[in-house]
Amino acid sequence: MASSLATLQAVSKRFGEVEALRGVTMTLPTGVVGLLGPNGAGKSTLFRLMLGLDRADSGDIRVLDLPLPDEAVRVRGLIGYMPEDDSLFPDMTATEQVVHAAQLSGVPAIDATPRAHQALDLVGLTDNRYRKANGFSLGQRQRLRLAMALCHGPQLLIVDEPTAGLDPDGRAQMLALLAEIAKQGASVLLSTHILADVEAICSYVVLMTRGQVSFAGPMARFRAASGGPSFRLRPTGDVAKLLGVLTARGIAATLQDGEVLVQLPSDRVGELWQACADAGVGVSGLKPAEEDMASAFMRHVQNAGNLDAQRLL
Amino acid sequence: MSQAASQPPVQRAFFHPGGFAKLDAKPLSDAQRLRWLIGMFARMELRSLTSKLTAISFPLGAFAGAAVIALLTRIPQLMEMLGDDRRVFVTDKAMPILFGMNLLTAFLQTTIWVAPVIASDVQSGALLLYFSRPLRRRDYLLARLLAATLVTWAELASAAVLLVLVQMASFGIALDGGTTLGGLLFWTLLALGEVLVSLFVAAAISAVALGCSSLARSANGAPLLFVGVLLGSVPLALVLGNIGGGGPLWQAFNLTQGLNAVHGLLMALLSPQPLTDGLVTKAVVGTLLWTGLAAGSWQLLVRLLRNPPMGKGRA
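Protein sequences, first through last, are from chains A and B.
Quick note on numbering: the first sequence equals residues 0 to 312 in numbering that gives the first Met the number 0.
Quick note on numbering: the second sequence equals residues 0 to 314 in numbering that gives the first Met the number 0.
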């Protein structure tokens, strides 16, 4: 098993006048990684480079510990890719589509058919396996494309906007499937515009804006409130007195929904306990404060210089 | 209860603890995958009912020819009219007529089933599905060309060999009072020549038809372009003939005539009739023209697939 999904070192890619990626450097850990970013941020270009479909103008890329583009063919054998657009082989039944995809990935005929049936069972297309995919609903087509992406048992599943256009039920099913696949040991790289999808299943987030990585880190850090680490404290006793003591100590604190939101570096959390003791206030709960995904996304995008972040949501 | 037993049956089959279930057999090698891809593309070409009907029409021509020959051999007056010219009948009448008929069917088959395939793969997004798998672009292109060539070649050659066998059975191995060995050599060379000419014809028209995808870039436009190239060559040959003062050199610019001349040259080599200079010129120019067109088409396809329209915005 690879130590990381991908490592990119100063990767740049230009299409004519457009600079799609600008010196991207990051390491994607194994697990479920969410790739966020507005349109034109460079997400699709990143996928194409990771699949070895395009060559970077400069920089080094390693996917599953293999260097690209030298090992592009081998890398593609270890990856399952579910593209965003409605790509299917024309005039084939669901089973044929998956068998075809498996054999293209090097699965011998003896294994391809049973694995295709298993993959179709897994994505919930058991009853539609002999129907032509032309007549499938959008949700069925998405699930079929997922079955095609995972039929050869990839180490890494790259899924591009898997829930786009799905109804809430279909979306929940798709996310549950991806979570299950990740639980079974495959890593998932999920690109989406839907913040709630990333929130639901991803443990690591990468935010791209204008061809650069604006943020890359664990989900908890992505959602950590702005202005540095902060805490949400639930006091028992005289809250006003506590606020006074905190202010006197130069610690920013506000009351919010009966809880005190305190802005304080984590290595100074001892001062918080001291302030509570000075104010004679008990503590029934203390946890790191988090923003909701939308606020966190807007803040990171705005920090990256894209002031029109609201429009992107 | 163990963890495996508590999982639903599907997951137990598909997943093993720590990842996907291992494959039972060894993964396909690159060469095996290419062979599989050629077979798969060939099956896709013969998938629809109409393409099957077109394929069947090739040996139908041979069957019709066989029926005529069987009739001829049973009518003594007609056999007397043929006299000692059975070899001429075979090389100058039966085989060229069948080749001409099958060439038109091959053009039709290639126009409908070969010309649009790569453009169709671009439009449907299938190209991205192929190239996101462990497949080289060159292999995809090679598989497309070899599959189309294989199907057309099999259809052309099987019909020709069938007619050769029927004629051999009808007229006898030894023709026109010759020896059995000489007759056997003639029939063998005739069948072998037909197989080789069919291979050249199939490869050349398949390459040119596929190349139309790279210029037209639409599944509807590519067949029209291929037909345009074939039909456009007729007035082109006339115009060039007028400018150049006529002659076989310019006639070969009519692409259909060029291929007929290649076949005609083979027949002339086996015919007792003397070889004409015009035929050789036409056959050579026809061969060069089709080889050039095929090579150019291949280059166009290679260029298209170097940076193919894939993913969002490909249309």
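From the three backbone atoms N, C-alpha and C, an ideal C-beta is built for every residue, glycine too.
Just so we're clear, the structure is a prediction, and the values are computed from it rather than from any experiment.
Query                                                                                                                          : Result
Same chain, Cβ closer than 7 Å to B/V284, five either side skipped, listed in chain order                                      : L248, A251, G257
Neighbour flag for A/Q139 against chain B, beta carbons, 8 Å                                                                   : no
Nearest-angstrom Cβ-Cβ length linking B/S131 and A/L52, presumed shorter than 8 Å                                              : 7 Å
B/N253 versus B/R136: straight-line alpha-carbon distance, rounded                                                             : 33 Å
Exposed unless 16 or more other CB atoms sit within 10 angstroms - verdict on B/S123                                           : buried
Burial state of A/S14 (16 or more Cβ within 10 Å)                                                                              : Per the sequence presented here, residue 14 of chain A reads as Phe, with Ser not at that position. With fewer than 16 other Cβ atoms within 10 Å, it is exposed.
Chain A contact for B/F40 (CB, 8 Å cutoff)                                                                                     : no
Cut-off 6 Å between Cβ atoms - residues of its own chain near B/E193, not counting five sequence neighbours on either side     : A159
Chain A within 8 Å of B/S131, Cβ atoms only                                                                                    : yes
Residues of the segment 31-59 of chain A with Cβ closer than 7 Å to any Cβ of chain B, in chain order                          : S43, L50, L52
Range covered by the alpha helix (DSSP H) that runs through A/M25                                                              : Careful: A/M25 lies outside any alpha helix (DSSP H), inside the beta strand (DSSP E) at 17-27.
Test item: CB-CB of B/A215 and B/A118 under 8 Å                                                                                : yes
Validate contact between the segment 97-105 of chain B and the segment 191-208 of chain B using beta carbons, cut 8 Å, 3 pairs : yes
Enclosing beta strand (DSSP E) for A/K182 [first to last residue]                                                              : That residue, A/K182, is in no beta strand (DSSP E); its alpha helix (DSSP H) goes 167-182.
Minimum C-alpha distance to A/V280 - residue among A/L242, A/P82, A/T246                                                       : A/L242
Classification of B/P133 by the beta-carbon crowding that lies within 10 angstroms, buried from 16 upward                      : buried
Beta-bridge partners of A/A5, as assigned by DSSP                                                                              : A/L27, A/V62
Alpha carbon of A/M218 to alpha carbon of A/E198, nearest angstrom                                                             : 8 Å
N- and C-terminal bounds of the alpha helix (DSSP H) containing B/I68                                                          : 48-73
Beta-carbon gap between B/A142 and B/L33 smaller than 8 Å                                                                      : yes
Range of the contiguous alpha helix (DSSP H) that encloses B/D276                                                              : 276-305
Beta-bridge pairing of B/G244 - partner residues as DSSP gives them                                                            : According to DSSP, B/G244 bridges with nothing at all.
Opening and closing residue of the alpha helix (DSSP H) in which B/S157 lies                                                   : 136-170
Residue-chain proximity (B/S123, chain A), Cβ-Cβ < 8 Å                                                                         : yes
C-alpha gap between A/S86 and A/L121, whole angstroms                                                                          : 20 Å
Near-chain B residues of the segment 82-105 of chain A (beta-carbon distance less than 8 Å), N- to C-terminal order            : P82, E83, D84, D85, S86, L87, F88, P89, D90, H99, A100, Q102, L103, S104, G105
Positions along the segment 123-139 of chain A whose CB lies within less than 8 Å of some CB in chain B                        : none
Alpha carbon of A/G22 to alpha carbon of A/G33, nearest angstrom                                                               : 20 Å
Beta-bridge partners of A/M81, as assigned by DSSP                                                                             : A/V158
Distance between B/V89 and B/L274 (C-alpha atoms, nearest Å)                                                                   : 16 Å
Among A/L176, A/G30, A/M173, the one whose alpha carbon lies nearest that of A/Q203                                            : Sequence check: residue 203 of chain A is Tyr here, not Gln. Among A/L176, A/G30, A/M173, the Cα nearest to that of A/Y203 belongs to A/G30.
Check whether B/L145 and B/V207 have beta carbons under 8 Å apart                                                              : no
Heavy atom of the ligand HEM within 7 Å of B/W249 beta-carbon                                                                  : This structure does not include the ligand HEM; it has no bound ligands of any sort.
Straight-line Cα distance separating A/Q8 from A/P161                                                                          : 28 Å
Nearest-angstrom Cα separation, counted from A/R233 out to A/V268                                                              : 15 Å
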